[in-house]
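Number of protein chains: 2
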Amino acid sequence: MSDERLDKFFHPSSVAIIGASHTSGKLGYIVLQNFIRENFEGGVYPVNPDTSPIMGKKVYSSVKDLPGSVDLAVIVVPSVSVPAVVKECSDKKIPSIVVISGGFSEIGTKGIILEDKLKKAVKESKGRTRIVGPNCVGVLVPRNRVDTVFLSMERMKRPKEGNIAFISQSGAVGSTVLDWLAKEGIGISKFISYGNGVDVNESDLLEYLAEDEETKVIAVYIEGLKSEGKIFVDILKKVCRKKPVVVLKAGKSQKGSKAAASHTGSLAGSSRIYSAAFKQAGVIEAKNWEELFDFVKAFGMQPVPKSNRLAIITDGGGFGVLATDEAERQEIQLPEPSDQLKKSLQSKMPPHVILHNPMDVTGDADVGRYRYALEGILGSRDFDGAIVISLMQVPTLDAKISDVISEMKKFEKPILACAVGSAFTENVVKAMEARGIPVFPTPERAVNAFSALYKRQKFQNGR
Amino acid sequence: MSDERLDKFFHPSSVAIIGASHTSGKLGYIVLQNFIRENFEGGVYPVNPDTSPIMGKKVYSSVKDLPGSVDLAVIVVPSVSVPAVVKECSDKKIPSIVVISGGFSEIGTKGIILEDKLKKAVKESKGRTRIVGPNCVGVLVPRNRVDTVFLSMERMKRPKEGNIAFISQSGAVGSTVLDWLAKEGIGISKFISYGNGVDVNESDLLEYLAEDEETKVIAVYIEGLKSEGKIFVDILKKVCRKKPVVVLKAGKSQKGSKAAASHTGSLAGSSRIYSAAFKQAGVIEAKNWEELFDFVKAFGMQPVPKSNRLAIITDGGGFGVLATDEAERQEIQLPEPSDQLKKSLQSKMPPHVILHNPMDVTGDADVGRYRYALEGILGSRDFDGAIVISLMQVPTLDAKISDVISEMKKFEKPILACAVGSAFTENVVKAMEARGIPVFPTPERAVNAFSALYKRQKFQNGR
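First to last, the protein sequences are chains X and L.
Start counting the first sequence at 1; every next residue gets the next number (the numbering used here).
Start counting the second sequence at 1; every next residue gets the next number (the numbering used here).
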């Protein structure tokens, strides 16, 4: 069962920033600024003993003075004051708190004592109040303009609204991903960095996101677990039945596990145990950072294939060959087009086009030739999906290729594109991704992403 | 011995474009335009039966009418006329010819007959004339403004001058790489796409580039060989003794080999035989497109390490952990800093910095903290190189990080950086690469590139 009390983190009707600052650039200023700049629709209440207005907003001297119903409190006060402030929030019946402040277990003995106090405050709230953090970046929900990320918009752009949820234990990794997603124009439903995880942890969030209608795929970056291993795996099993979960587990090597321990204080655990548990649960495991990114992009934009019979269409023979090499490594099938299909395409295309799989429409292809090829291939029962390589450096292909590929969504089969280059190509790539066609900079990465989609299908079919 | 006759392809004192066109956008127009726009310093002679001027240039009616000494002829006439034109050029004692025109063995029987005629013309020249092509993109030498690439500058930007030579059998792959290199601001010494390779082939070019003082590293993309396998391997052996050669061999899978055969008419050969031969010769083999790119970037900008004792410095713990995982996969050593070094760094840094390897200077690090860490680590005999991860999303780190990392080149140990993000980060990445620090978008790719540098060192040390 998803915990409805987590709702208020993502859809608060009002928010209090406790420790809101008068000084531009400070954490407590940036967080307040986020809600003001992004036109958060509910009440925004800065709290600071100095009640002179900030950015024109009335400032409250304490939590007690806040108006009746506050859904979300963001705490940015020094760590020593956090347990007391959490208690005040809990007394005020604020259901959700994000504790941004660091200075807890991650700094050693002194911090561990403080974190214990914080845990005690959480416990005393008897579940009335849920906490994300401490030592975290918090929550970002573009749709509802919730943004507790204390990094300036100049340095870290915010991704637009989309259907990818992203859970990151690490704030640094998390904010780097957000900035990258924003640059690539890929949208998210919800981002949560939960830091030391004294209350809300990866398992709670997974359970919640499984039920979240705005989320199509869940990406998870973890080092060590904040929840119990068995519970985590059981929840993963349940969640994977509902939607794809892509996990990047850092600290899988011996040295890496040690590094993770000194970095987050959490035991990272054995690589093999994790991989086995992930596989059993139906998780799509990302080997590295790039795969995490590529896989969620594919799942966010495309359906899974019925089987693994892939077609490769290219205007550059070499890229077709590289895609083929990767397909064979990944045990993806590349069926030959049927004689009937070949005949039909022959009648529409010049003789130098190579009507095999990969299908090389060659360097003088225009969008029309791609349309014939895609209609024929995706309309055929012999193919479950396509990789479309469109090298835009050649003169005959124009930006309308993004419309043509996008039309092919009618076949409800996964289509992944590959293109790479400077400004001209970049504009085409943006147009494709805006139409829901994921584009990869190398043929191998496109095939690898198709393989991830296929793994999901295999899992769903119960093998 | 390097063939000096190839010199004229790269340093011609004059160039004739045979089939220069009056129509903007046509191949024979673009090639002429390249030489004019880029202010090629020698004579530029368009040849066309219609002698009305093109872009203000005097046009010659035939090869016979050309002035005395032409070093390079670029042929863009229809394939049927090519053998005769080649003969004319040879009679005129033009030492180098690039045949751009397609329509030879790649189109089947009719083309094979034409290609045989072309081979005959080459043979009859008795080595007076060397030919690159046909069916190729030709030659690009930014330093000397030689540019036979018939793709518009709008679609395919040209890379700047640099020390990477790039040989590509495929024109499409080649031009995509050029556009990508240009976008990334990475320079090349020479680019050659040799297409059907009736005369000059991969072996000739490797031999030539081995002696080329402007080339530090050679990147090779091949599908099938145009030279004999044994000769190719012998030459690779010789060349690898002089400088690093990174090879991406496409068509290594069964299906891929078949695809390569239908695409280039060349037998791609068995994966294992190639990999074994490459290893024996000392080639750095790239598994895929991305590695080819990453490796030549690393070799172009950085020295090889004395051994594989790597330090990882990061402001984001998570990225440090991922780099560590990859280092262990690659069997790269991550020694612990000595007690003496730790003590020295402790005195200069706040207590929350994690002085292990990876060294986590944490999210509030400024450039000064990076400088202390890098001076200490690279100045120590315990480390042979460093991966510097600088996530720029945090507020304390500024663009001066590129100066600080660049200062560290004084230690003559390889330094590879990792940073990724939107505009702010992109500017920092550009500044770093302009200072000769290669930057990779993921920690794993940075470590993998270090591993390639180390492989070269192992080969040089004879193990």
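Cβ atoms here follow ideal geometry from the backbone N, Cα and C, with glycine treated the same way.
- When C-alpha distances from L:A165 are compared across L:S101, L:F10, L:E228, L:V233, the shortest belongs to L:F10.
- By the neighbour-count definition (other C-beta atoms within 10 Å, threshold 16), X:R37 is an exposed residue.
- Contacts with chain X at 8 angstroms (Cβ-Cβ) do not include L:S193.
- Contact between X:A419 and X:S390 holds, since their C-beta atoms are separated by about 5 angstroms, short of 8 angstroms.
- X:G162: member of the beta strand (DSSP E) spanning 161 to 168, first to last residue.
- One alpha carbon belongs to L:G251, the other to X:P358, and they sit about 12 angstroms apart.
- Assigned with DSSP and collapsed to three states, X:I222 falls in strand.
- Taking 8 angstroms as the threshold, the shortest C-beta distance from L:H352 to chain X falls below it.
- For the set L:G43, L:P53, L:S52, the Cα lying nearest the Cα of L:D71 is the one of L:G43.
- In the three-state reduction of the DSSP assignment, L:M359 falls in the strand class.
- Taking 8 angstroms as the cut-off, the beta carbon of L:F319 is found closer than this to the beta carbon of X:A172.
- Here X:T442 is buried. Its C-beta has 16 or more other C-beta atoms within 10 Å.
- Of all C-beta pairs linking the stretch 60 to 69 of chain L to the stretch 306 to 317 of chain X, fewer than three are shorter than 8 angstroms, placing the two stretches out of contact.
- The shortest CA-to-CA distance from X:Q340 to any of X:H356, X:V447, X:F459 is the one to X:H356.
- Looking at X:P335, X:L378, X:I284, X:V245, the one whose alpha-carbon comes closest to that of X:E207 is X:V245.
- Counting only the Cα atoms, X:P414 lies some 13 angstroms from X:R435.
- As far as DSSP is concerned, L:F459 takes part in no beta bridge.
- Excluding five sequence positions before and after X:V149, the CB atoms of its chain that fall closer than 6 angstroms to its own CB belong to V137, L140, given in chain order.
- Short of 6 angstroms from the beta carbon of X:R309, and not among the five residues preceding or following it, lie these beta carbons of its own chain, in chain order: Q333, P335, F383, D384.
- In this structure L:G256 is buried. Its beta-carbon is surrounded by 16 or more other beta-carbon atoms within 10 angstroms.
- When the beta-carbon positions are compared, X:F424 and L:R155 come within less than 8 angstroms of each other.
- At a cut-off of 8 angstroms, the C-beta of X:D366 has no neighbouring C-beta in chain L.
- If the five residues before and after X:Y29 are omitted, its C-beta is found closer than 8 angstroms to the C-beta atoms of A20, S21, H22, T23, I54, all from its own chain and listed in chain order.
- When the Cα atoms are used, L:M153 and L:V31 turn out to be separated by approximately 11 angstroms.
- Exclusion of the five residues before and after L:K8 leaves D71, L72, P95, S96 as the residues of its chain whose Cβ lies within less than 7 angstroms of its Cβ.
- When Cβ-Cβ separations below 8 angstroms define contact, L:N288 makes contact with chain X.
- The Cβ-Cβ distance between L:P134 and L:S101 falls below 8 angstroms.
- Nearest CB-CB separation between L:D398 and chain X: not below the 8 angstroms threshold.
- Taking C-beta atoms as the reference points, L:A452 and L:P438 fail to come closer than 8 angstroms.
- If the five residues before and after X:H352 are omitted, its C-beta is found closer than 8 angstroms to the C-beta atoms of T362, all from its own chain and listed in chain order.
- Note on the stretch 163 to 248 of chain L: whole beta strand (DSSP E) runs with a minimum of 3 residues are 188 to 193, 217 to 222, in chain order.
- Shortest Cα-Cα distance from X:E285 to any of X:R456, X:S52, X:S380, X:Q33 involves X:R456.
- In the three-state scheme derived from DSSP, where H, G and I count as helix and E and B as strand, X:V394 is classed as coil.
- When secondary structure is reduced to three states using DSSP, X:L151 falls in the coil class, being assigned neither helix nor strand.
- About 6 angstroms separates the Cβ atoms of L:Y221 and L:S170, confirming a contact at the 8 angstroms cut-off.
- The residue among L:M392, L:D294, L:F299 with its C-alpha nearest the C-alpha of L:D364 is L:M392.
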